[in-house]
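Novice: Residue numbers (mature numbering (1 follows the signal peptide of the UniProt record, and there is no 0)): -25 to -1, 1 to 235.
Each residue gets a CB set at the ideal place from its N, CA and C atoms; glycine is no exception.
Mind having a look at this structure? Questions to follow.
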C-alpha cells in the first residue's frame, strides 16, 4: 500500500470515528425526541429485578431506571432480558441501556461503557451446613449451580478443580430451583439472592466463601461517554438527595456503603 492509499485509509478511519462520536453525543437528545429510554431489566433476580402480582417489573433496578429516566426528561420502557442476552440486546440496539444488576469485568469492558456503581454486593459460593467447603480447593467432586453468562459463572469457571461439575442454567430462577431441589450441592450467586433463598426452609444455605465484592452498574454502548456522563450526573444527584440510599434500604435492607 502506497502513501496515498495509507492517507486515504487514515482519513476514512478518522471520519468514521468522528461520525461515531457524533452519533453517541446525540443519544440523550434522541431519547428525549423519542420520549422514552428502553431499559434492559432482569425479571428473575430479586430484589434487583422481578415481576409483581400485576405482572409489571419491580425491584431496585426498576426504581433506579425510573429515577434516571426522570432526570433525563424521558420515560423508562422496560425490556425483559436474561443474564446471557442483556449485552447482546444492547449491542444490537434492542435496548438503549442496561440496568440489570450488571457487574464489571475486563471482558465486558471491551463492549460496554460503565457508569459509576449504584449498589454494592458480593458474589460467593453458598450451600447447606453439612457440605464442608471453605475455599476453591474444597470444590473437588462437588456440583455447583450457576447462571450461564453471569459474573459468578465467569469467576467460578476459573477456580473450580477439574473434577467439579458446573451446572449452568439460563436464568436465576432456574439456578435457584436447581439448588433448592438438590440438583446441585452448592449455589454460586450474589449474597442478596442467597439471603432471599435462605428464607425457604426446604433447603438452608450459608456462605461458604466469598468470590469478590461487586458493584452494580448501568451499561451503555461502548464509546458512548456522553450518555454515561449524563447517567453519572443522575446517579450523583440521587446520591446527593438521599434517594439512592433510600433505594438501598428499601430493597437491600441496609444503607448504601459510604464509599459507593
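With burial defined as no fewer than 16 other Cβ atoms inside 10 Å of the residue's Cβ, what is the status of residue -4: buried or exposed?
Specialist: For the purposes of this step, residue -4 is identified with residue 22 of the chain shown, where counting begins at 1. Note that residue -4 has pLDDT 41, beneath the 50 cutoff, so the model's placement of it is unreliable and the number below is only indicative. Exposed, because fewer than 16 other Cβ atoms sit within 10 Å of the Cβ of residue -4.
Novice: For a quick check, are the C-beta atoms of residue 190 and residue 79 less than 8 Å apart?
Specialist: Locating residue 190 in the chain shown gives position 215, counting from the first residue. Locating residue 79 in the chain shown gives position 104, counting from the first residue. Contact flag set, yes.
Novice: Could you tell me which residues DSSP puts in a beta bridge with residue 195?
Specialist: For the purposes of this step, residue 195 is identified with residue 220 of the chain shown, where counting begins at 1. Residue 195 is bridged to 88.
Novice: Roughly how many angstroms lie between the CA atoms of residue 32 and residue 103, to the nearest whole one?
Specialist: Taking the chain shown and counting its residues from 1, one reaches residue 32 at position 57. Taking the chain shown and counting its residues from 1, one reaches residue 103 at position 128. Their Cα atoms are separated by approximately 31 Å.
Novice: Touching or not, the segment 125 to 139 and the segment 218 to 232, by the rule of three or more beta carbon pairs under 8 Å?
Specialist: Not touching, per the Cβ criterion.
Novice: Assign residue 157 to buried or exposed, taking buried as 16 or more other Cβ atoms, counted over all protein chains shown, within 10 Å of its Cβ.
Specialist: Translated into positions along the chain shown, residue 157 becomes position 182. So residue 157 ends up on the exposed side.
Novice: Cβ-heavy atom distance between residue 187 and the ligand ADP below 7 Å?
Specialist: Ligands in the displayed structure: none, and consequently the ligand ADP is not present.
Novice: Who are residue 54's beta bridge partners in DSSP?
Specialist: What you label residue 54 is simply residue 79 of the chain shown in a count that begins at 1. Bridge partners of residue 54: 15.
Novice: Is it true that the segment 80 to 90 meets the segment 46 to 60, where meeting means three or more beta-carbon pairs spaced less than 8 Å apart?
Specialist: Judged by Cβ distances under 8 Å, the segment 80 to 90 makes no contact with the segment 46 to 60, as fewer than three pairs qualify.
Novice: With burial defined as no fewer than 16 other Cβ atoms inside 10 Å of the residue's Cβ, what is the status of residue 225: buried or exposed?
Specialist: Locating residue 225 in the chain shown gives position 250, where the first residue counts as 1. Exposed, by the Cβ-count rule.
Novice: Quick test of your reading: residue 10 and residue 70, contact by CB under 8 Å. State the CB separation rounded to the nearest angstrom.
Specialist: Walking along the chain shown from the start, residue 10 turns up at place 35. Walking along the chain shown from the start, residue 70 turns up at place 95. 16 Å between Cβ atoms; not a contact.
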